[in-house]
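>
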Amino acid sequence: MKNFGPFSTYNPEKDTPEAALAENSNILFIKDNDGNEWYDVQRRFNEKTLKVVFDKSGVIYSASYDASSLWPVNAYVAEVSVDDIPDLFPLPIQGLDWQFNGAKIVPRTYTVEQLKTQAQRDKDILLNQAAKEIAPLKDAVDLNIATPDEQERLKAWMLYRVLLSRLDPGTAPDIDWPQSPQ
1 MKNFGPFSTY
11 NPEKDTPEAA
21 LAENSNILFI
31 KDNDGNEWYD
41 VQRRFNEKTL
51 KVVFDKSGVI
61 YSASYDASSL
71 WPVNAYVAEV
81 SVDDIPDLFP
91 LPIQGLDWQF
101 NGAKIVPRTY
111 TVEQLKTQAQ
121 RDKDILLNQA
131 AKEIAPLKDA
141 VDLNIATPDE
151 QERLKAWMLY
161 RVLLSRLDPG
171 TAPDIDWPQS
181 PQ
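Everything in the sequence shown is counted per our numbering, starting at 1 for the first residue and increasing by one.
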């Protein structure tokens, strides 16, 4: 399977058809460190293979069977046989949860710092969701118009929010997340 990159933008040599296209049609050109021009590279790929675009860490951020739909500026491109695509690999790409390890697609390995950052982001999202659930229930209680069901739901959401607020994202990935009220 073929592997190219990293690709970066360049200005075509003067007095070439590419230079005219770049100047007159605002077309960008990219090539890799070995001088392989992206528009030429696309023709070298097998139409039946998956092409993945990944960064220097191997994190895949784009993939397609059609190389012309990819734009790997500041990235690498590898060709992957259909037989080597993991069953759970999503197309189109959703998130940054997969890596190319030089030979195949594998689930992404996160550093502890990345896991801590993800945990803080997840905690913030869940706290915001809890606040949105609590606000109208709290209003109903404050106005003395809450039903018994609303009072119970308010209590459950408030407990959930307190438990979330006590979580330390610095302990990621070993976090025991509280269960969201239904």
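Each residue gets a CB set at the ideal place from its N, CA and C atoms; glycine is no exception.
(1) Since I30 contacts T9 with CB under 8 Å, what's their CB separation in whole angstroms?
(2) Got a sec, what are the start and stop residues for the beta strand (DSSP E) D31 sits in?
(3) Which two residues bound the contiguous alpha helix (DSSP H) that contains S25?
(4) Identify, in the order they occur along the chain, each residue of the same chain with its Cβ nearer than 7 Å to the Cβ of I85, setting aside the five sequence neighbours on each side.
(5) Straight-line CA distance for Y39 to Q99?
(6) So, under 8 Å CB-CB, I93 and I125 are touching, yes? Tell me the CB distance rounded to an integer number of Å.
(7) Using a Cβ distance threshold of 8 Å, determine whether the segment 154-164 contacts the segment 106-118, with at least three qualifying pairs required.
(8) Between the alpha carbons of W71 and Q151, how many angstroms are there, rounded?
Once the coordinates are examined:
(1) In this structure I30 is in contact with T9, their Cβ atoms being roughly 5 Å apart against a cut-off of 8 Å.
(2) It is Lys, not Asp, that sits at residue 31 in the sequence shown. Looking at the DSSP string, the run of the beta strand (DSSP E) that includes K31 is F29 to D32.
(3) Note, S25: alpha helix (DSSP H), P17 to S25.
(4) Spatial neighbours of I85 in its own chain (CB-CB distance under 7 Å, excluding positions within 5 residues in sequence) are listed in chain order as L50 and I105.
(5) Cα-Cα distance, rounded: 24 Å.
(6) Between I93 and I125 a beta carbon distance of about 21 Å is seen, past the 8 Å cut, so the two are scored as non-contacting.
(7) As far as the Cβ criterion goes, the segment 154-164 does not touch the segment 106-118, which means the pair count is below three.
(8) Between W71 and Q151, the C-alpha separation is close to 53 Å.
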